[in-house]
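Visitor: Structure provided below as structure tokens; questions to follow.
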Amino acid sequence: MILIIDFGSQVTQLIARRVREFNVFCEVRNPNITIDEIKLLKPYGIILSGGPDSVYAKDAPSVDKKIFEFNIPILGICYGQQLICHLLGGKVGAASDREFGKAIIEIKPIKKIEKNSNNHEFSLLFDDILGSDLSIKNQANPQIGNKNKNEDVDKLVKKSQVWMSHGDKVEAIPRDFEIIATSKNAPYAAISNESKRIYGVQFHPEVEHSLDGRQMLKNFVVKICNAPQNWTMGNFKNEEIARIKKIVGNKHVICGLSGGVDSSVVAALLSEAINKQLTCIFVDHGLLRYREAQEVQETFAKFDMNFIYVNAKELFYAKLEGIIDPEQKRKIIGATFIEVFDKEASKIKDAEFLAQGTLYPDVIESSHPNKGSSHTIKSHHNVGGLPENMKLKLIEPVRMLFKDEVRKLGSELGLSENIIHRHPFPGPGLAIRIIGDINPSKIATLQKADAIYIEEIKNAGLYREIWQAFSVLLPVKTVGVMGDGRTYENVLALRAVTSVDGMTADIYKFNPEFLCNVTTRIINEVKGINRVVYDYTSKPPGTIEWE
Numbered sequence: 010m011i012l013i014i015d016f017g018s019q020v021t022q023l024i025a026r027r028v029r030e031f032n033v034f035c036e037v038r039n040p041n042i043t044i045d046e047i048k049l050l051k052p053y054g055i056i057l058s059g060g061p062d063s064v065y066a067k068d069a070p071s072v073d074k075k076i077f078e079f080n081i082p083i084l085g086i087c088y089g090q091q092l093i094c095h096l097l098g099g100k101v102g103a104a105s106d107r108e109f110g111k112a113i114i115e116i117k118p119i120k121k122i123e124k125n126s127n128n129h130e131f132s133l134l135f136d137d138i139l140g141s142d143l144s145i146k147n148q149a150n151p152q153i154g155n156k157n158k159n160e161d162v163d164k165l166v167k168k169s170q171v172w173m174s175h176g177d178k179v180e181a182i183p184r185d186f187e188i189i190a191t192s193k194n195a196p197y198a199a200i201s202n203e204s205k206r207i208y209g210v211q212f213h214p215e216v217e218h219s220l221d222g223r224q225m226l227k228n229f230v231v232k233i234c235n236a237p238q239n240w241t242m243g244n245f246k247n248e249e250i251a252r253i254k255k256i257v258g259n260k261h262v263i264c265g266l267s268g269g270v271d272s273s274v275v276a277a278l279l280s281e282a283i284n285k286q287l288t289c290i291f292v293d294h295g296l297l298r299y300r301e302a303q304e305v306q307e308t309f310a311k312f313d314m315n316f317i318y319v320n321a322k323e324l325f326y327a328k329l330e331g332i333i334d335p336e337q338k339r340k341i342i343g344a345t346f347i348e349v350f351d352k353e354a355s356k357i358k359d360a361e362f363l364a365q366g367t368l369y370p371d372v373i374e375s376s377h378p379n380k381g382s383s384h385t386i387k388s389h390h391n392v393g394g395l396p397e398n399m400k401l402k403l404i405e406p407v408r409m410l411f412k413d414e415v416r417k418l419g420s421e422l423g424l425s426e427n428i429i430h431r432h433p434f435p436g437p438g439l440a441i442r443i444i445g446d447i448n449p450s451k452i453a454t455l456q457k458a459d460a461i462y463i464e465e466i467k468n469a470g471l472y473r474e475i476w477q478a479f480s481v482l483l484p485v486k487t488v489g490v491m492g493d494g495r496t497y498e499n500v501l502a503l504r505a506v507t508s509v510d511g512m513t514a515d516i517y518k519f520n521p522e523f524l525c526n527v528t529t530r531i532i533n534e535v536k537g538i539n540r541v542v543y544d545y546t547s548k549p550p551g552t553i554e555w556e
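This is the structure:
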């Protein structure tokens, strides 16, 4: 495995995702990991993430300096690079101008005495970066005897676009390190000690804006660390089923089923492992998508498990009456969910385990010792948690997986494409897609409008191209004209984004004709809406959900 030490960067999870893409297992740990713990993990390499702190500040997160004595490759990214310099005798200081955005690095040949094992001209970190090589014209030097002194010659310069995001900068590098890339504002854009296989980059290779970033990370993981590329979903499925059987034995497991990708995959995995020892409880809070409750019941009726459907709509509606604040909505829904779930679960007398669809991003975020390092944008979308009085042991079969990996696992388990590729849906459901107070009428209106929107997306063959698409009912009324009459009804906002993991997102650029057709259908078919708008906000600066 590859060990990633997280110093609080908002994009640490992207590093892990990139490593997993190479079929190499990795784990994200906190800076407080001990040397003994690292030795037990036996990593093929270590990646030090970025972070918002200054390495020279009091109480700044750090690592035990002994990691540099392990004789295993180390890559420092942004804060990680600065930490390497800080710990090994270099110098880091505040930059006069902070640098955020795209930059072009020029990759430098390594020193002859520091040639790597493959005898490459450039550091192995930049191997196979060919798409960004720029052939630039330089006027011929008359001193080298060209026949035509004005003749232009091609000079191959290895360059690449990267993404910078830093307020501090390296001012001096440690002894035995060399510069392997520079940029206009970063003379130490990348540094290395080739013989000890220690590397530092000021930019973020894990983000999409670093065009060759994936290749750089792959070079480090596969070529420099020599990590085996043998981590697949097929292997994970078999190992996890065996692990579940061993842990559960002849006991019973309760699973909270929402019908979303995560809980569906967990239910399918547990069903394959323990069959009738599993009871899935599906709490219908009345805030689901159109016909979703029926679809969940139809899907899981085919599984070899016990399935309990709880219609709790009226209870949720009553508790949400008059509530406007989105955070309060989340808390009420979460608490009520636990109340209902606990009541049903208590009826299962021999249950010893509670299964949850916790994903690796949640594990990373909740385990970081310095919550201030990575700023919290809002409370998590997931509903509920482990009720304290249930006294059940927690089992989280997909806690080491990212969302895209869960989808692959679902495919291995034979789940339908409709479930596997269903767009993400927040635990509080439509409660945070109805801005303002909630009532059954508004829910029905939004369900119908959203169903039309999704249906048109699927009919156009666009559903798989989009990470998440949904409608938002706004507490805004506008004047309209329908037939010969004047209307005064609600505005509906449409949202669609593309993303890899939801951490960043771009708007989906529909054909204007598509949006016109969707708008026409919604206004014609859904009573209570007379105007439709499209949200053109990316993430950042916005979030994907409105609340």
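10 is the number of the first residue of the sequence shown in the working numbering; add one for each residue after it.
Every residue, glycine too, gets a C-beta built ideally from N, C-alpha and C.
Rounded to whole angstroms, what's the CA-CA distance from LEU133 to TRP172? Just pull it up for me.
Guide: Residue mapping note: residue 133 aligns to position 124 of the sequence shown, counting from 1. Residue mapping note: residue 172 aligns to position 163 of the sequence shown, counting from 1. If I take the Cα positions, the gap works out to 20 Å.
Visitor: Excluding sequence positions up to five away, which residues of its chain have a Cβ less than 8 Å from the Cβ of GLN286?
Guide: The count along the sequence shown starts at 1 and reaches residue 286 at position 277. Correct list, in chain order: VAL257, ASN259, LYS260, HIS261, VAL262.
Visitor: For VAL274, name the three-state secondary structure that DSSP assigns.
Guide: Here residue 274 corresponds to residue number 265 of the sequence shown, with the count starting at 1. Here VAL274 sits in helix by DSSP.
Visitor: For PRO151, is the classification buried or exposed, using 16 other Cβ atoms within 10 angstroms of its Cβ as the cut-off for buried?
Guide: Residue mapping note: residue 151 aligns to position 142 of the sequence shown, counting from 1. Confidence in PRO151 is poor, its pLDDT being 39 and thus under 50, which makes the residue's placement unreliable; the coordinate value appears in the next sentence. Exposed, because fewer than 16 other Cβ atoms sit within 10 Å of the Cβ of PRO151.
Visitor: I need the DSSP call for THR345, collapsed to helix, strand or coil.
Guide: Taking the first residue of the sequence shown as 1, we reach residue 345 at position 336. Helix at THR345.
Visitor: Is DSSP giving PHE135 helix, strand or coil here?
Guide: In the sequence shown, the residue the question calls residue 135 occupies position 126. In the structure shown, PHE135 sits in a helix (DSSP, three-state: H, G or I).
Visitor: Consult DSSP for GLY331 and reduce its assignment to one of helix, strand or coil.
Guide: By one-based count along the sequence shown, residue 331 stands at place 322. GLY331 falls in the coil class under three-state DSSP.
Visitor: Could you check how far apart the C-beta atoms of ALA321 and HIS294 are, in whole angstroms? I think they sit under 8 Å.
Guide: Against the sequence shown, residue 321 aligns to sequence position 312. Against the sequence shown, residue 294 aligns to sequence position 285. ALA321 to HIS294, Cβ: 6 Å. Contact.
Visitor: Between PRO521 and LEU455, what straight-line distance do the alpha-carbon atoms span, to the nearest angstrom?
Guide: One-based indexing of the sequence shown puts residue 521 at position 512. One-based indexing of the sequence shown puts residue 455 at position 446. Taking the straight line from one Cα to the other gives about 22 Å.
Visitor: Pick out whichever of TYR197, ASN202, ILE116 has its Cα sitting closest to the Cα of LYS168.
Guide: By one-based count along the sequence shown, residue 168 stands at place 159. The option with the nearest alpha carbon to LYS168 is ILE116.
Visitor: From this set, ILE93, ASN228, ALA69, ASP459, which residue's C-alpha is nearest PHE131's C-alpha?
Guide: The residue labelled residue 131 in the question sits at position 122 within the sequence shown. Minimum Cα distance to PHE131 is reached at ASN228.
Visitor: How big is the Cα-Cα spacing for SER273 and GLN337?
Guide: The sequence position of residue 273 within the sequence shown is 264, counting from 1. The sequence position of residue 337 within the sequence shown is 328, counting from 1. Rounded to the nearest angstrom, the two C-alpha atoms are 27 Å apart.
Visitor: To the nearest angstrom, report how far apart ARG408 and PHE362 are at their CA atoms.
Guide: Position 399 of the sequence shown holds residue 408. Position 353 of the sequence shown holds residue 362. So the alpha carbons of these two residues sit roughly 15 Å apart.
Visitor: The beta strand (DSSP E) that contains GLU361, what's its start and end?
Guide: Counting from 1 along the sequence shown, the entry for residue 361 is found at position 352. Taken as a continuous stretch (DSSP letters only), the beta strand (DSSP E) holding GLU361 covers 360-364.
Visitor: Is LYS536 buried or exposed, if buried means 16 or more other CB atoms sit within 10 Å of its CB?
Guide: By 1-based counting over the sequence shown, the position of residue 536 is 527. Exposed is the call here.
Visitor: What is the C-beta distance between ILE55 and ILE81, in whole angstroms, given that I count them as a contact (C-beta under 8 Å)?
Guide: Looking up residue 55 in the sequence shown gives position 46. Looking up residue 81 in the sequence shown gives position 72. 7 Å between Cβ atoms; contact.
Visitor: Measure the beta-carbon distance from ASP544 to LEU503 and round it to whole angstroms, keeping in mind my assumption that it falls under 8 Å.
Guide: Counting from one through the sequence shown, the residue named residue 544 turns up at place 535. Counting from one through the sequence shown, the residue named residue 503 turns up at place 494. Contact holds; Cβ gap of about 7 Å.
Visitor: Any chance the stretch 15-33 sits against the stretch 229-243, with 3 or more Cβ pairs inside 8 Å?
Guide: Yes, the stretch 15-33 touches the stretch 229-243.
Visitor: Measuring only the C-alpha atoms, how far is LYS178 from LYS451?
Guide: Numbered from its first residue, the sequence shown carries residue 178 at position 169. Numbered from its first residue, the sequence shown carries residue 451 at position 442. So the two alpha carbons sit approximately 53 Å from each other.
Visitor: Which same chain residues end up closer than 6 Å to GLY209 when comparing Cβ atoms and leaving out the 5 residues on each side of it in sequence?
Guide: Here residue 209 is taken as the residue at index 200 of the sequence shown, counted from 1. Result list for GLY209: GLY85, GLN90, ILE93, ILE200, in chain order.
Visitor: For ARG298, which three-state DSSP category applies?
Guide: Counting from 1 along the sequence shown, the entry for residue 298 is found at position 289. Coil at ARG298, not helix or strand.
Visitor: Can you tell me whether SER169 is helix, strand or coil according to DSSP?
Guide: The residue given as residue 169 occupies position 160 in the sequence shown. Strand at SER169.
Visitor: Going by DSSP, what residue range makes up the alpha helix (DSSP H) through SER450?
Guide: As a working note, residue 450 is residue 441 in the sequence shown. Counting along the chain, the alpha helix (DSSP H) containing SER450 begins and ends at 449-468.
Visitor: Is there a Cβ from chain C that is less than 9 Å from the Cβ of ALA505?
Guide: No chain C appears in the structure shown, which is made up of a single protein chain.
Visitor: Straight-line CA distance for ASP163 to SER58?
Guide: As a first step, residue 163 must be located in the sequence shown, where it is residue number 154. As a first step, residue 58 must be located in the sequence shown, where it is residue number 49. Reliability fails at ASP163, whose pLDDT of 42 lies under 50, so the model's placement of it is uncertain and no value is given.
Visitor: Could you give the DSSP three-state label for SER192: helix, strand or coil?
Guide: Position 183 of the sequence shown, counting from 1, holds the residue named residue 192. If DSSP states are grouped into helix, strand and coil, SER192 belongs with the strands.
Visitor: For SER174, which residues does DSSP report across the bridge?
Guide: Within the sequence shown, numbered from 1, the residue matching residue 174 stands at position 165. Paired residues: PHE109.
Visitor: Whole angstroms are fine: how far does the CA of ASP313 sit from the CA of GLU554?
Guide: Here residue 554 refers to the residue found at position 545 when the sequence shown is read from its first residue. Here residue 313 refers to the residue found at position 304 when the sequence shown is read from its first residue. Taking the straight line joining both Cα atoms gives about 35 Å.
Visitor: Please state the DSSP three-state secondary structure of ASP62.
Guide: To locate residue 62, count along the sequence shown from 1; it is residue 53. ASP62: coil per DSSP, three-state reduction.
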